[in-house]
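Below: one structure, written as structure tokens.
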Amino acid sequence: MSTEQEIRESQLVDRVVASFAGTPDPRLRELMQALTRHLHAFVREVRLTEAEWQQAIAFLTATGHITDDRRQEFILLSDVLGASMQTVTVNNQAYGDATEATVFGPFFVQGSPEIPLGGDISGGAAGQPCWVEGTVTDAAGKPVPHARIEVWEADDDGFYDVQYGDDRVAARGHLHTDTDGSYRFWAITPTPYPIPHDGPVGRLLAATGRSPMRASHLHFLVEAPGLRTLVTHIFVRGDDLLDSDSVFGVRDSLVKDFEPQAPSTPTPDGRDLGDQPWSRVRFDIVLAPAAG
Ligand code: BEZ
Ligand code: FE
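Every letter in the sequence shown is one number past the one before it in the UniProt record's numbering, and letter 168, counting from 1, is 168.
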């Protein structure tokens, strides 16, 4: 590239950066100036053609058109680009043995049913019963009584209840830890499922030879006063998809042993499952102190 061309390109970057210099909010100024620098660096590095620019605009337009109050294609785009997981990583720095966070995903719903300790969140969702138990403690190892635990998951066919197309509530619920910080409930053994891939993000994955599949997981949101709210999942050890999760959500520390139990194995709470096999998993949760 000629020196003159180099100067024209970098002068344009400088002018756009300078256009934000008078932004009253310093954080907005920082964000817009850094965004300008990175965006221009991308355009210049790949020598973006005008046809490619148009295709990018058409892609973002389609992403907007499919987005409504039930479907958020922009978050899905952020997820498959790893931007959601990077934001989680930046904002949840390691603290002692505190349990690691991962992506929230689009399927959390406010107002899930409350279940008692030892209750069942499945609400009739198809799947193999799974006994989940553990404790919630702070980073000093002190049990956290009455912590609120929200859990949600896809059914055996890979669908969350909000994807059923009716008002059924299934495979989600919330409970509180006991006075000793322990908790237990019945769920269903997680199975793999694809993220919604019938829109622009799905076409992007197909064009780049990537799979929409998520590794099997069970979502948790854990809250207690004075402690950092934890948004995470647990994954199933042995799942083939652990290394290729479409939204980069897997962390080694979150991979747990879901121990298969043969039919007729006595259950921890005496529940009679007839001749069904079931599984059990232990997840001990450690909450970091709240920031500030
Ligand atoms: C989920 O785990 O529910 C999820 C996360 C990111 C994108 C789509 C689904
Ligand atoms: Fe999920």
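Ideal Cβ positions, reconstructed from N, Cα and C, are used throughout, including at glycine.
- Within the same chain, Ala215 and Ser216 come within 6 Å of Asp239 by CB-CB distance, once the 5 residues on both sides are set aside.
- Collapsing the DSSP output to three states places Arg27 in a helix.
- Pro200 is classed as buried because its beta carbon has at least 16 other beta carbons within 10 Å across all chains shown.
- Excluding residues up to 5 positions away in sequence, Arg44 lie with their Cβ nearer than 7 Å to the Cβ of Glu9 in the same chain.
- For the pair of segments examined, the region 93 to 110 was found to touch the region 141 to 153: the number of CB pairs separated by less than 8 Å reaches three.
- When the alpha-carbon of Ala58 is set against those of Pro145, Phe283 and Leu204, the nearest one is in Leu204.
- Put simply, the backbone Cα of Ala140 is about 10 Å away from that of Ala98.
- Of the other Cβ atoms in all chains shown, fewer than 16 fall within 10 Å of the Cβ of Ser244; this residue is therefore exposed.
- Note on geometry: alpha-carbon atoms of Tyr164 and Asn92 lie some 33 Å from one another.
- In this structure, DSSP gives Ala18 a helical state, which the three-state scheme calls helix.
- Given a length threshold of 3 residues, each whole run of the beta strand (DSSP E) inside the region 111 to 166 is given here in chain order: 129 to 138 and 148 to 152.
- At the C-beta level, Glu100 and Thr232 come within 8 Å of one another.
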